[in-house]
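All remarks here apply to the structure that follows.
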Amino acid sequence: MTDITSAETAVSITVDGKKVTAKPGELLIDACERNGTYIPRFCHHSRMQPVGMCRMCLVEIDTGRGPALQPSCMIECSNEMVVDTQSKKTIKAQEGVLEFLLINHPLDCPICDKGGECPLQDQTMAFGPGESRFIEEKRTYRKPIPVNENVFLDRERCVLCDRCTRFADQVAGDSLIHFIDRGNKTQVNTYPDQPFSSYFSGNTVQICPVGALTAAPFRFKARPWDLTEVESTSTFDSVGNRISVQESRDRVLRFTGVDSDSVNWGWLTDKERFIFEAYSNENRLSGPLTTNEVAEGSQKHAVATSWSEAYEKFVKAINETTPERIAVIGGSRLTNEAQYIWSKIAKGIIGTDNVDAQLDDGFSPEVLLSLNPSTIDKTCKPGGVIILLGADPKEELGALYLRLRHAILQDQCKLIELTPTKTGLSQLATHSIRVPPGKTLEAVKALSGEPSELEDDILKELTKVQKIIKNNDSISVLLGRTSLAETSSIVEEGAIKLQEYLPKASFLPLLRRGNINGAIDMGLSPGLLPGRCDLEEGSDKLQNYWPTCPTHKGFKTKEMFEAATDGQIDVLILLAADPIMDFPDSQLVQEALDRIETVIAVDIFATDSVLQADIVLAAATATEIEGSFTNLEGRISPIRKSVTPPGTARPDWMIALDLVQYLVPNLGPSTFKELCEEISLVSGIHKDFDFSKVEQIDKEGVVLNRGKNKTQTSLIKIPKQKANSFRLVVTRSMYDKGVLSAHSSALKGLAPGSRIKANPKDMEKLGITSDSTVRLIGLKGEIQTRLTPDPETTRGTIHALWNQDGPDIRKLIDSSLPVNDLKIEKI
Amino acid sequence: MSYLKGFLVTFRQIFQKRVTTPYPSQKRAKPERLHGRHVLGRYEDGMEKCIGCELCAGVCPANCIYVRGADNPIENPVSPGERYGFVYEINYLRCIHCDLCVEACPTGAITESKMFEFSFTNRNDAIYTREELLVDSESGKPKQLPWEDWREGEDLNTSGWLRATSPNGDASYEGQIAWSGDLGYGIRKAEIGQSDTETLEEEQ
Amino acid sequence: MVESSLQTGYVKHAPGFVENEGPKLITSRFKHADSFTLDKYLSTGGYEGLKSSLNRSPGQVHDEVREASLLGRGGAGFPAGIKWGFPPEGVWPRYLVVNGDESEIGTYKDRLLMERDPHQLIEGVLIACYALGLSQAFLYVRGEMALAQERIALALDEAYEAGYIGKNILDTKFSVDVVMHWGAGAYIVGEETALIESLEGKRGMPRLKPPYFPAAIGLYGKPTIVNNVETLSNLPWILNNGASAYKGFGSESSPGTRMFAISGHVKRPGVYEVEHGVTTFRELFYGDNFCRGIRDDNELKMFIPGGGSAPWFFQEQLDLPLEASAVGAAGSMLGSGAMVVMDETTDAVKACLSVVRFFARESCGKCSPCREGTTWEEKILQRILDGDGRPSDIDLLLDIGDNISPGPYPAAAFSDEGLDAVPFPPSQTTICPLGPSSVAPIVSAIRRFRNEFDSLITRRDPIPLSLEVEKVVT
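Residue numbers (this note's numbering), protein chains in the order written: chain A, 98 to 924; chain B, 10 to 213; chain C, 1104 to 1577.
Shown next as structure tokens:
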């Protein structure tokens, strides 16, 4: 927004007698604000198209034809424009508009959630007439009506600024609220019996300039002047949206989006916005637990213990075995600092390389490290081409979806989709190509002109895509997991091939889990050390700080579980990981957990996996700690403490520092500051970065300069799909049974539930209707379910959503196979 | 006898009317506008006036009021409207009886009684809760708490606005006794500078 | 379907149309009962204008129209030939949109043109398309005009069948598609940008100009010419008889004829085709050829000269010619050519309320001043009429008007009070002129008939300010 105005193109305007420069094409209201003159407004919002609806920003503008009242939110600056924001006419007009807006406004400010932070209140005080001359009866409507599960609409308070409706239409693309009726009875409403079911509905509450839209989780909880806010980063997904955490009496009551130019533009998904409810849930773990030793042989039983006892048990468990029989899974919820120190504990003190922050739902770090890095801004560069290789950004990374949507609709970006399923962006795509599951590499081959075994109509489309790519220099690739029922190599190979073909293209990996990028940077990955270097090149730098260092590459998560079932793992440390719920192959996990001697969990909730742990260390969550976060671009931004953790729960870094002292007394670091210093000293990519001063980073964050390595991958043989078999595609949806959503009252009811979809033509061929129960048979297990006909599902595939109520789809997944093919049997 | 001179003042005073009262066995009548402990009023139908807006807490210079609002239960509303005062607490170890809360209240829910004597045996008792502050739903009189010493007539004049300003600062509110719409306890005559509704009606 | 409703909806006389002496350029066929059929149209010289256009180059046709200085008949009176030259060069496609959403108070001339002579309109559309090189035209007909919709639909069918519309019209390379669209019943859609929004399938709300002058950015973001039904209906005659013949009628600045719809307290209300710029209001209201005087020979109290949005005129303005510039300078407008005559028995406040109520109901709800202001005005007027007015209400009404339309509002001169005329048009704080239009009756009525307002306002004693009142009493 504040890019430097070049001298040649700048226009000069006069505002209240003061000469200022404006960017050509800049709206007058923005130019004035940038230069310190605030013009009141209700409908204008810098992230949406102007509409000129409220008429509040009328000012006298003279473009050479004499001064005239014009709305400054619609007028672009032109040279020699003279603006008077203080003239009698301007003031009269603004007072008049405010009086009009107030005559039917209920003035129930004492009970309105907006009261105290309300633009209507503020601007009435600053620009209003002071007295009302309206003595007739005010317009009344039924008090708040729910427009969806979490947002209430009070039409009496609405000043019809068109912000929420424009947001729904232009930004989110869910135009489910609109004006109905006309004249004085104009009102915002949903379509009859159709709720405003948008993943982004909470943003309308944030941008509403009055209290017409309120959010259920904050409704009547506190008044704005009670709230203490800190600017922080949402750790919920890997976009790292900037948020303001607002707390009153040591309880987080609200998240609002902060307008960060390079990241989220102020928008948040409802999931991120309302997830805070889970953080203050009473079921949080409030202290360390350990299993009751008396009840040996019978069911494990967790009892509260002291921290020192828990630490001692931890050390005992570690010392009783050898490093290679110890595994560490998880770590994406942690801050960068905590990730480093856990990496040090695992690799530098214990000496195991069986460390993986990903639960087989991401990509192997070697591949990620070998791709040209990109940023969101680079991906959304006006006029560029965006190739989507997998994952549905709308379901997985909501804020990124909004940025992409804007880039396609407003900035003339072209989207090419090469995905096995339809995504939230398909409608906007220049070419939306359904690549059969497992054939991403084939599609890329065809794109680069090599022979490929795809069907003709897809090849035809791909030749059209080729032309688009050839004529464009700015090509960005988004790569995410197309399906959780297939190996990550399928997309990885495609990406590597694409990089060979388009050496200038940049890649944005859509790893979705919280601070997963920080985890990879800090070495929570097999074969990596902090600073993204491999075991050999990193060990020199570390030798002064780390007592030991693994010499050969350890297991990935999947391999760890496979090794565990063979009895090769004795101790498993779960860093805020819930493999039972999150690892695709749940049977493998259960078998592994049953054989592992000691499971240690560091977590905030008693998840299914934590319930099976022998030692549980209660951790603090993102609103309770200081630290930093690395998003999918490698952008570091601060996480700030707002409230205190429940009970004796501690920040992860503190737990880890304590453990360092228990494992190797007198080994540093022993304070947070020393920890920060050590990271900068040992990690090449963080060497210019001062972790002890993250709170000074502005809302744009700092992008790390991460180089790239060369990598070699061996091609995976994808088995041919047998006739009459169906390839399983499992994708995520925004709302699922995840532990945080389940503990947030606003979110827990939103999961769509299991719907296993198949192409109606396939169903017809098998003689199945939506009423008939079928048996889906995978290699490892089977489930009984009904199929939902869906013409969007590619033929020969079964499409299911991950982690929903209903039949457990994971029974069908065998993670040792590159793809999972099913048989359908009618019952 | 000159020493008797010294008693002259004493003797003269013996026959004067007494100005002191044997407090606490006897209490003096208090001025109408004395600021004592607060009460939370109700409307005539028994609904609470407090809507939990926290303006009193916001304006309180001693920070002694803690309020939290909540959604009014639709089936069994506590106060008219959407919101009601769910938590209402005043800490009388802090309160300075400045009455700014009374000024700030948009519904006239909080007013002050004439009861100013507080004695507590533990600090928690000094925090009066919503249940303790609310007036009786039948009579509209303040609830007498076990440790409070109410005397005849002290619970009078507890409702009604003691504002320095009329609502909206509008002079046309003159003569309209705004405290007549509540539970009906403590209605009083217009004060100096205010004309009476009765006189106004007679004039018309 | 069209056939059958033709049987039932057969109307012998065009209701509202009055046959009188004088040149008939666009209403010449109205006398025939079957004027809307293609047969009748062809037998009375129909589609000759199109044929003559097709023999010329598009540029020549455009020049002819420019030469005729045909003024837009929708209200603003902008010359059509000049408007046609506005679309930016090299931006294609372009569209022609016919504004048949005639809903102004008192206006019903376009309805007659569409009901009685749809082919003339279609021919005009075709000529315009030819001159502008367009291949797509949209006919937007007001939702309530069922008969007009039927007859246009029928005429379009006939014209398509006879090869006047469609591919290679009359075996030339000229091809046009004409689509009829009917509105959902909103006055505001008569505003051209709102009409375009509605045509795009959105809620009919005006767009802000700039940047959305339809000639540059219009329908689907493309250059769009929006013309009124009457404007286009003039084209066949002009192309048949030439611009110079056209200029033979009317005054120099306003050539041709115009249709005026006169309603209210006159003896013979109706639509008249009148020579433009020559006739005066007095002739129109009192002339034997026209309205033949006020009912019951009452005195004229006031009249609206150009639709509900126009400030009122009074006795003094009767001798003004029917010409946009003269009427504008006198403080009102000819607008859509709808005149409402009110005699001395009319209650000025009630008349004012009824016009204001129309605008309050028809406001689209976009701009706050219009949405809230018009309803407020209506409520105050209603309160005054109910006997609950306050002395301050008159100033309040004027000030609300000033907040919708800042500065002096156009009004006719009032010599008794020494008030000069304020020329048209008014300024506005809203996007379109609907909001300011609601101020017209208020300013006109209060300026002229303040006494009527005063007499309605109850002289209740103000609520006493206690102390001062007390002092007076004692």
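We put the CB at the ideal spot given by N, CA and C, even for glycine.
With distances taken between CA atoms, A/I426 lies nearest to A/F658 out of A/E192, A/C170 and A/F658. The beta carbon of A/R351 is closer than 6 Å to those of F315 and Q343 in its chain, skipping five residues each way along the sequence.
Beyond the five residues adjoining it in sequence on each side, A/H275 comes within less than 6 Å, by CB distance, of T262 in the same chain, given in chain order. Here C/A1171 carries a coil assignment [DSSP, helix/strand/coil]. Around the beta carbon of A/Q524, a 10 Å sphere encloses fewer than 16 other beta carbons of the protein chains shown; the residue is thus reported as exposed.
At a Cβ-Cβ threshold of 8 Å, C/E1465 and C/Y1290 count as neighbours. Remark: C-beta atoms of C/F1527 and C/M1442 do not approach each other more closely than 8 Å. When 8 Å is used as the limit between beta carbons, A/A190 is near these residues of chain C: N1506, P1509 and T1532, in chain order. For C/W1285, there is no enclosing alpha helix (DSSP H); the enclosing beta strand (DSSP E) covers residues D1280 to W1285. Here C/Y1290 carries a helix assignment [DSSP, helix/strand/coil]. Of the candidates A/E434, A/S175 and A/D457, A/D457 places its Cα closest to the Cα of A/S585. Among the residues of chain C, those whose CB is under 8 Å from the CB of A/N281 are A1463, S1466, G1468, R1474, E1475, T1477 and T1478, following chain order. In the structure shown, the three-state DSSP call for A/G354 is strand.
Boundaries of the alpha helix (DSSP H) around C/I1185: A1183 to K1186. Approximately 7 Å separates the beta-carbon atoms of A/L876 and A/L914; this is inside 8 Å, confirming the contact.
Assignment of C/P1358 by DSSP, reduced to helix, strand and coil, places it in the strand class. Counting only runs of at least 4 residues, the region 647–702 of chain A fully encloses the following alpha helix (DSSP H) elements, listed from N- to C-terminal order: 654–662, 676–679 and 683–692.
By the Cβ-count criterion, A/L250 is buried, with 16 or more other Cβ atoms from all chains shown falling within 10 Å of its own Cβ. Apart from sequence neighbours up to five positions away, the residues of its chain that approach A/A119 with a beta-carbon distance below 6 Å are V108, I110, A128 and C174, ordered along the chain. Under the three-state reduction of DSSP, C/V1381 is assigned to coil, being neither helix nor strand. At least one CB of chain A lies nearer than 8 Å to the CB of B/G90. About 7 Å separates the Cβ atoms of C/A1262 and C/L1141, confirming a contact at the 8 Å cut-off. Counting the other CB atoms within 10 Å of its CB gives A/L778 a total below 16, which places it among the exposed residues.
Identification of chain C residues near A/G724 by a Cβ-Cβ cut-off of 7 Å yields none; the smallest Cβ-Cβ distance measures about 46 Å. A Cβ-Cβ separation of about 15 Å leaves A/E797 out of contact with A/S331 under the 8 Å criterion. Residue burial is scored here from C-beta neighbours: A/Y288 has fewer than 16 other C-beta atoms within 10 angstroms and is therefore classed as exposed. A Cβ-Cβ separation of about 5 Å places A/L559 in contact with A/A543 under the 8 Å criterion.
For A/V180, no Cβ of chain C is located within less than 8 Å of the residue's own Cβ.
If the five residues before and after C/E1447 are omitted, its C-beta is found closer than 8 Å to the C-beta atoms of N1401, E1402, L1403 and K1404, all from its own chain and listed in chain order. Look at C/Y1263 here: in three-state DSSP terms it is helix. Distance from the CA atom of A/L605 to the CA atom of A/I513, rounded to whole angstroms, is 15 Å. In terms of Cα proximity to A/G122, the closest of A/Y759, A/L581 and A/P147 is A/P147. Judged by pairs of C-beta atoms under 8 Å, the region 78–91 of chain B touches the region 48–60 of chain B, as three or more such pairs exist. Positions of the beta strand (DSSP E) runs, each at least 3 residues long and wholly inside the region 372–417 of chain A, are given as 386–388 and 399–401 in order along the chain. Taking 8 Å as the cut-off, the Cβ atoms of B/R46 and B/S148 do not count as close. In its chain, beyond the 5 residues on either side, Y408, F411 and I442 have a beta carbon closer than 7 Å to the beta carbon of A/L756.
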